[in-house]
Amino acid sequence: MYAYDEFDRAFLAERVADFRDQVARRLSGALNEDEFKPLRLMNGVYLQLHAYMLRIAIPYGTLSAHQLRRMAHVARTYDRGYGHFTTRQNIQFNWIKLEELPEAMAALGEVGVHGIQTSGNCIRNVTTDQWAGATPEECDDPRIWAEILRQYSTLHPEFTYLPRKFKIAIAASPHDRAAIKVHDVGLRLHRNAAGELGFEVLVGGGLGRTPFVGKSIRAFLPARELLSYIEAIMRVYNQYGRRDNIYKARIKILVHEIGAEAFAKAVEAEWEAIREGALHLSDEMIAEIRGRFIYPAYETLEDRPAELVEALKDERFATWFANSVHAHKVPGYSIVTISLKPVGAPPGDATADQMDVIADLADAYGFHEVRVGHEQNLCLPNIAQKDLPALWAALDAAGLATPNVNHISDIIACPGLDYCALANARAIPVAQEIAKRFADLDRSRGIGRLHVNISGCINACGHHHVGHIGILGVEKNGQEFYQITLGGRADEQAQLGTLLGPAVPYEQVPGLIEDVVDTYMELRAGPQELFIDTVARLGVEPFKERVYAAH
Amino acid sequence: MPLIENGHIVEDKYVRVSDEDALPEGVPVLVGVDRFLKEAEALKGRQAPVGVIWPNNRPIAEIAPYLGQLSLIALNFPIFRDGRAYSQARLLRERLGWTGPLRAIGNVLRDQFLLMQRSGFDQIEAVKEADAEAFDEAVHRYTVFYQPATDERPSLLRQRLGRTLTGAAR
Numbered sequence: 001m002y003a004y005d006e007f008d009r010a011f012l013a014e015r016v017a018d019f020r021d022q023v024a025r026r027l028s029g030a031l032n033e034d035e036f037k038p039l040r041l042m043n044g045v046y047l048q049l050h051a052y053m054l055r056i057a058i059p060y061g062t063l064s065a066h067q068l069r070r071m072a073h074v075a076r077t078y079d080r081g082y083g084h085f086t087t088r089q090n091i092q093f094n095w096i097k098l099e100e101l102p103e104a105m106a107a108l109g110e111v112g113v114h115g116i117q118t119s120g121n122c123i124r125n126v127t128t129d130q131w132a133g134a135t136p137e138e139c140d141d142p143r144i145w146a147e148i149l150r151q152y153s154t155l156h157p158e159f160t161y162l163p164r165k166f167k168i169a170i171a172a173s174p175h176d177r178a179a180i181k182v183h184d185v186g187l188r189l190h191r192n193a194a195g196e197l198g199f200e201v202l203v204g205g206g207l208g209r210t211p212f213v214g215k216s217i218r219a220f221l222p223a224r225e226l227l228s229y230i231e232a233i234m235r236v237y238n239q240y241g242r243r244d245n246i247y248k249a250r251i252k253i254l255v256h257e258i259g260a261e262a263f264a265k266a267v268e269a270e271w272e273a274i275r276e277g278a279l280h281l282s283d284e285m286i287a288e289i290r291g292r293f294i295y296p297a298y299e300t301l302e303d304r305p306a307e308l309v310e311a312l313k314d315e316r317f318a319t320w321f322a323n324s325v326h327a328h329k330v331p332g333y334s335i336v337t338i339s340l341k342p343v344g345a346p347p348g349d350a351t352a353d354q355m356d357v358i359a360d361l362a363d364a365y366g367f368h369e370v371r372v373g374h375e376q377n378l379c380l381p382n383i384a385q386k387d388l389p390a391l392w393a394a395l396d397a398a399g400l401a402t403p404n405v406n407h408i409s410d411i412i413a414c415p416g417l418d419y420c421a422l423a424n425a426r427a428i429p430v431a432q433e434i435a436k437r438f439a440d441l442d443r444s445r446g447i448g449r450l451h452v453n454i455s456g457c458i459n460a461c462g463h464h465h466v467g468h469i470g471i472l473g474v475e476k477n478g479q480e481f482y483q484i485t486l487g488g489r490a491d492e493q494a495q496l497g498t499l500l501g502p503a504v505p506y507e508q509v510p511g512l513i514e515d516v517v518d519t520y521m522e523l524r525a526g527p528q529e530l531f532i533d534t535v536a537r538l539g540v541e542p543f544k545e546r547v548y549a550a551h
Numbered sequence: 001m002p003l004i005e006n007g008h009i010v011e012d013k014y015v016r017v018s019d020e021d022a023l024p025e026g027v028p029v030l031v032g033v034d035r036f037l038k039e040a041e042a043l044k045g046r047q048a049p050v051g052v053i054w055p056n057n058r059p060i061a062e063i064a065p066y067l068g069q070l071s072l073i074a075l076n077f078p079i080f081r082d083g084r085a086y087s088q089a090r091l092l093r094e095r096l097g098w099t100g101p102l103r104a105i106g107n108v109l110r111d112q113f114l115l116m117q118r119s120g121f122d123q124i125e126a127v128k129e130a131d132a133e134a135f136d137e138a139v140h141r142y143t144v145f146y147q148p149a150t151d152e153r154p155s156l157l158r159q160r161l162g163r164t165l166t167g168a169a170r
């Protein structure tokens with residue numbers, strides 16, 4: 001956990017007062033809606049289809065049990081008893097009344113939680129690996145650098161009115177769990193041959209209506225030069241990013257239009273002028289931020305203790321263990337993923353009661369810490385293996401132990417037409433129906449890792465381009481239709497999916513997905529060959545033939 | 001529109017002259033960039049001060065050769081959501097060494113005053129009278145600043161270490 005100090009608390013209080021004043025000026029008419037809109041957006045307040053939506057940042061996906069409990073309180077008191085975790089380590093409350101908004105914000109502010117820069121054309125919540133600090137794979141805790149960027153970008157005077165929103169993600173493990181290649185800036189933290197810590201810098205990735213995989217513009221940036229380099233990128237983008245067309249305003253379009261090489265050259269030129277300046281991070285500054293992260297006081301424990309070995313004789317526990325428990329860097333500990341994808345429920349939703357249960361379990365077994373990942377699941381990053389049986393029993397009782405992590409029913413979906421003012425089609429019911437078809441866990445385990453991503457419009461909040469199976473809702477003559485893509489991925493080998501064929505109507509989607517999966521099961525080289533690898537080996541053609549012959 | 005300089009509403013000494021009109025003798029003028037660039041040589045001989053309105057879609061580095069003959073630079077915010085001039089302002093102050101008056105003009109609203117001040121503007125032409133009157137409150141809304149910018153407000157990155165930006169630069 002990052003511990004807020006008196007500066008952070010003072011800033012947050014000032015920010016709340018600032019927004020309260022802006023709301024008052026809007027109500028008095030001193031601000032018109034056009035003037036007010038960017039101000040409310042930069043505090044996470046959207047106007048949705050049915051109501052105002054409040055988006056709250058969970059910086060780099062790290063939450064305390066105390067904070068999660070307060071979110072449960074907000075869900076229960078001001079919303080309809082649940083919250084929705086997004087693909088960018090945020091939580092959204094969809095049913096907050098405008099007049100209660102300041103109250104809800106104040107309740108969250110008390111525990112250091114806010115919606116600052118969760119929307120608007122500014123640098124958004126910086127995201128990273130939900131296993132940060134716990135996974136044995138990482139070269140350093142990426143949250144240190146995400147926190148440095150959070151501080152740097154908060155109410156940045158120069159970069160608060162960018163051409164468009166700006167999203168940064170950091171990965172520190174060879175396996176990228178933060179989807180850095182589909183962000184405006186992706187930072188791959190690693191060590192060079194000399195053992196120094198630094199970043200590979202990718203720019204211009206992104207989804208939406210013009211998807212791109214990010215391009216590498218610097219193979220190694222010494223970590224201490226992070227801020228000056230980011231400032232150089234932001235300054236080039238702020239001046240030269242397009243502002244004539246909202247759909248061409250993201251940095252990916254600038255990078256695409258002038259070319260990654262020319263863009264890199266402009267950044268390097270700007271960087272040369274500022275790299276020795278005020279943004280140079282000294283060892284003391286980095287140590288100061290690092291020192292504010294509090295790590296668990298791990299006990300000396302052994303892997304696979306007797307309690308765990310005994311519990312593994314229970315088939316249901318063993319199934320969950322194999323699916324949802326991951327290796328930890330400290331012996332005797334594990335990382336636990338909590339699936340928010342129970343069959344039949346909206347992906348990424350958690351009820352207030354479930355949030356309370358998870359907060360209690362984090363207090364009891366997990367050093368008070370909870371994480372949120374971009375797959376819209378939660379995570380308890382520090383669980384002693386001897387506590388796994390008791391933890392599982394409690395999760396199971398709360399409907400939070402569905403062992404479908406990374407299965408076909410672990411679907412990423414945007415809120416879609418059920419909530420969103422931009423959507424053309426529903427996403428949640430499609431996800432629910434697919435999950436129902438594959439509810440048999442033996443069957444879905446047999447299928448293996450398969451990521452399905454669903455977006456209700458081309459803005460691609462469900463990241464359909466990078467789903468192994470991507471589903472995009474479009475509108476045709478007032479009807480909901482869906483385009484299917486295969487072969488996308490968001491990890492270190494990120495690529496965009498290939499269109500399977502013509503869009504199909506709503507009712508046909510679940511059947512079509514079943515046909516795609518059946519085709520895979522027949523064509524795969526063996527149980528070890530994942531769906532994504534079969535598509536890579538054979539292309540989409542064999543799938544297309546089979547699927548469209550059937551429909 | 002009220003002009004704020006260093007926190008006070010002041011009278012604008014500059015006369016804004018369109019490209020077609022003759023320049024009035026003996027008074028400070030503020031002219032558009034096209035006219036300024038066309039007449040830059042001739043304007044050097046002018047006795048009264050000359051200011052230029054530099055558009056936000058023209059690289060600010062191109063102003064460098066003319067800084068010596070300018071008494072005022074005005075940067076434009078065609079709409080408050082268009083933030084290009086913040087970068088231009090910082091570059092003028094931090095890269096090009098401009099120490100003269102730097103004015104924000106256009107769709108300039110109260111909630112941008114602080115950002116403008118932090119980016120190096122010392123003159124702000126507010127659209128609304130009420131905004132201008134609230135200037136002092138608007139720029140003192142915050143006491144905590146995370147990042148260093150053009151102004152000399154101490155940034156947290158350094159303040160946490162008991163130093164200020166100016167202290168560290170020294």
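Protein chains in written order, with UniProt numbering: chain U, 1 to 551; chain A, 1 to 170. Every residue gets a Cβ at the ideal spot worked out from N, C-alpha and C, and that includes glycine. Predicted model, so just to flag it, every value in this text is computed and none were measured.
Whole-angstrom distance between residue j and residue i, CA atom to CA atom
| i | j | result |
| --- | --- | --- |
| residue 326/U | residue 407/U | 15 Å |
| residue 323/U | residue 549/U | 35 Å |
| residue 164/A | residue 396/U | Its pLDDT being 35, under 50, residue 164/A is placed unreliably in this model, and the value from its coordinates should be taken loosely. Taking the straight line from one Cα to the other gives about 53 Å. |
| residue 231/U | residue 146/A | 14 Å |
| residue 510/U | residue 543/U | 15 Å |
| residue 153/A | residue 436/U | 57 Å |
| residue 166/A | residue 94/A | Note that residue 166/A scores a pLDDT of 40, beneath 50, so its modelled location is shaky and nothing firm can be said. |
| residue 494/U | residue 530/U | 16 Å |
| residue 428/U | residue 116/U | 27 Å |
| residue 149/A | residue 414/U | 37 Å |
| residue 80/U | residue 95/U | 7 Å |
| residue 387/U | residue 135/U | 18 Å |
| residue 72/U | residue 353/U | 7 Å |
| residue 68/U | residue 61/U | 12 Å |
Start and end residues, alpha helix (DSSP H) containing residue i
| i | result |
| --- | --- |
| residue 261/U | 260-274 |
| residue 73/U | 65-78 |
| residue 481/U | No alpha helix (DSSP H) holds residue 481/U; the beta strand (DSSP E) holding it covers 479-486. |
| residue 153/U | 142-153 |
| residue 453/U | No alpha helix (DSSP H) holds residue 453/U; the beta strand (DSSP E) holding it covers 452-455. |
| residue 1/A | Run containing residue 1/A: none; DSSP gives neither H nor E here. |
| residue 392/U | 388-397 |
| residue 430/U | 428-437 |
Best match in the options for proximity to residue i [C-alpha to C-alpha]
| i | options | result |
| --- | --- | --- |
| residue 240/U | 227/U, 226/U, 256/U and 225/U | 256/U |
| residue 97/U | 77/U, 84/U, 458/U and 114/U | 77/U |
| residue 409/U | 377/U, 170/U and 70/U | 377/U |
| residue 83/A | 143/U, 191/U and 236/U | 236/U |
| residue 455/U | 402/U, 443/U, 20/U and 425/U | 425/U |
| residue 527/U | 44/U, 444/U and 170/U | 444/U |
| residue 356/U | 346/U, 345/U, 369/U and 344/U | 369/U |
| residue 101/U | 73/U, 130/U, 112/U and 54/U | 54/U |
| residue 125/U | 147/U, 404/U and 13/U | 147/U |
| residue 374/U | 233/U, 89/U, 475/U and 12/U | 89/U |
| residue 75/A | 43/A, 89/A, 66/A and 65/A | 89/A |
Inter-residue CB distance, residue i and residue j (contact presumed, cutoff 8 Å)
| i | j | result |
| --- | --- | --- |
| residue 276/U | residue 87/A | With a Cβ gap of about 19 Å, residue 276/U and residue 87/A do not count as contacting. |
| residue 434/U | residue 513/U | 5 Å |
| residue 197/U | residue 465/U | Incorrect: roughly 31 Å between the Cβ atoms, too far for contact. |
| residue 104/A | residue 73/A | About 10 Å; that fails the 8 Å criterion. |
| residue 142/A | residue 102/A | In fact, because the Cβ distance is near 21 Å, the residues do not count as touching under 8 Å. |
Boundaries of the beta strand (DSSP E) in which residue i is found, first to last residue
| i | result |
| --- | --- |
| residue 16/A | 15-17 |
| residue 524/U | Taken as a continuous stretch (DSSP letters only), residue 524/U belongs to no beta strand (DSSP E), as it is neither H nor E. |
| residue 21/A | Run containing residue 21/A: none; DSSP gives neither H nor E here. |
| residue 44/A | Careful: residue 44/A lies outside any beta strand (DSSP E) and carries neither H nor E. |
| residue 53/U | 52-57 |
- prompt: What residue ranges within the region 13-47 of chain U form continuous beta strand (DSSP E) runs of no fewer than 3 residues, ordered along the chain?
  reply: 45-47
- prompt: Residue ranges of each alpha helix (DSSP H) run of no fewer than 4 residues wholly in the region 169-257 of chain U, ordered along the chain?
  reply: 226-240
message: Threshold first: 3 residues or longer. Then list the beta strand (DSSP E) segments lying entirely within the region 73-127 of chain A, N to C.
response: 102-106 and 123-125
field: Completely contained alpha helix (DSSP H) runs for the region 76-111 of chain U, where each covers 4 or more residues
entry: 101-109
- prompt: Where are the beta strand (DSSP E) runs, 3 residues long or more, that stay fully inside the region 339-379 of chain U, in chain order?
  reply: 349-351 and 369-372
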